[in-house]
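Asker:
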Amino acid sequence: MNEVLGPLTREPGVRHALLVAPDGVLIAAAQPEADESTASSVAALAAGWMQDIGRVVDPLAWGAPHRCVMRAQRGGLILLVAREATLAVVLERGAAPEELRLPMEAAAARLARHFDRPATAPRRDALALAGTEQPRESFPGPCPSPLEGAGQLDRTGASLPESSRKS
């Protein structure tokens, strides 16, 4: 997840960048110097806040929130829903949340590519690396036609006996 969160931590004013599951569990944190309890607390706050806002906004038919910003006395918090997780960025005092809109959208795109990537190499690639030959078809050998041996139908849809078939 460092390829997703790493570029966010290089932005000026970013204190922490986190990836949070919808249930509030911390998936990844980009700042190694951040203690685990602080990161877990921010993750729980982020998930709870997004759920509360969604519950309030949903009856108004505005749709679920995609991006939320909270400004506080000593910094700020930006949340961006990205696929199966939420990106959370903790800002230092005086940092402008507007300047992180594009970097966070780019991180969300990297996260989407990460989720779309297959977890393991396809079988043919693994076999090619091992130097073995892969069969070209799923089932080697001739495949019988499903129509072979089927009777012909007359205009009413009834099956014709073998003796009355026209050649």
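Here the numbering used here is used: the sequence shown runs in plain steps of one and ends on residue 218. A virtual CB, placed ideally from N, CA and C, is assigned to each residue, including glycine. Since we're looking at a predicted model, the values are computed, not measured.
(1) G127 lies in the alpha helix (DSSP H); which residues open and close that run?
(2) What do you get for T89, buried or exposed, if any count of 16 or more other CB atoms within 10 angstroms of its CB means buried?
(3) Could you give the DSSP three-state label for R61: helix, strand or coil?
(4) Taking just the CA atoms, how far does V141 sit from D86?
(5) Label L56 either buried or exposed according to how many other C-beta atoms from any shown protein chain fall within 10 Å of its C-beta, with 16 as the threshold for buried.
(6) Helix, strand or coil, according to DSSP, for R144 in the structure here?
(7) When the Cα atoms are used, what is the spatial distance from C119 to A163?
(8) Taking Cβ positions, are A68 and L77 nearer each other than 8 Å?
(9) Helix, strand or coil for R152, going by three-state DSSP, please let me know.
(10) By DSSP's criteria, H117 is part of a beta bridge. Which residues make up the other side?
(11) Quick one: any contact between the region 104–116 and the region 151–166, if contact means 3 or more CB pairs under 8 Å?
(12) Does the beta-carbon of V108 have 16 or more other beta-carbons within 10 angstroms, so that it is buried, or is it exposed?
Answerer: With the given structure in hand:
(1) Counted from its first residue, the sequence shown places residue 127 at position 76. It is not in any alpha helix (DSSP H) - G127 instead sits in the beta strand (DSSP E) that spans G126 to A133.
(2) Walking along the sequence shown from the start, residue 89 turns up at place 38. The residue is exposed, with fewer than 16 neighbouring Cβ atoms inside 10 Å.
(3) Indexing the sequence shown from 1 puts residue 61 at position 10. Residue state for R61 is assigned as coil, using DSSP reduced to three classes.
(4) For this step, residue 86 is matched to residue 35 along the sequence shown. For this step, residue 141 is matched to residue 90 along the sequence shown. If you draw a straight line from the Cα of D86 to the Cα of V141, it comes to about 14 Å.
(5) Residue numbering aside, residue 56 sits at position 5 when the sequence shown is read from its first letter. Result: buried.
(6) Here residue 144 refers to the residue found at position 93 when the sequence shown is read from its first residue. Three-state result, R144: coil.
(7) Counted from its first residue, the sequence shown places residue 119 at position 68. Counted from its first residue, the sequence shown places residue 163 at position 112. Rounded to the nearest angstrom, the two C-alpha atoms are 19 Å apart.
(8) Locating residue 68 in the sequence shown gives position 17, counting from the first residue. Locating residue 77 in the sequence shown gives position 26, counting from the first residue. No, these two residues do not count as a Cβ contact at 8 Å.
(9) Stepping through the sequence shown from its first residue, residue 152 is reached at position 101. In the structure shown, the three-state DSSP call for R152 is helix.
(10) Your numbering for residue 117 matches position 66 in the sequence shown. Its beta-bridge partners do not exist; DSSP assigns none.
(11) Contact between the region 104–116 and the region 151–166 is absent, because fewer than three Cβ pairs lie under 8 Å.
(12) Position 57 of the sequence shown, counted from the first residue, corresponds to residue 108. V108 should be labelled exposed.
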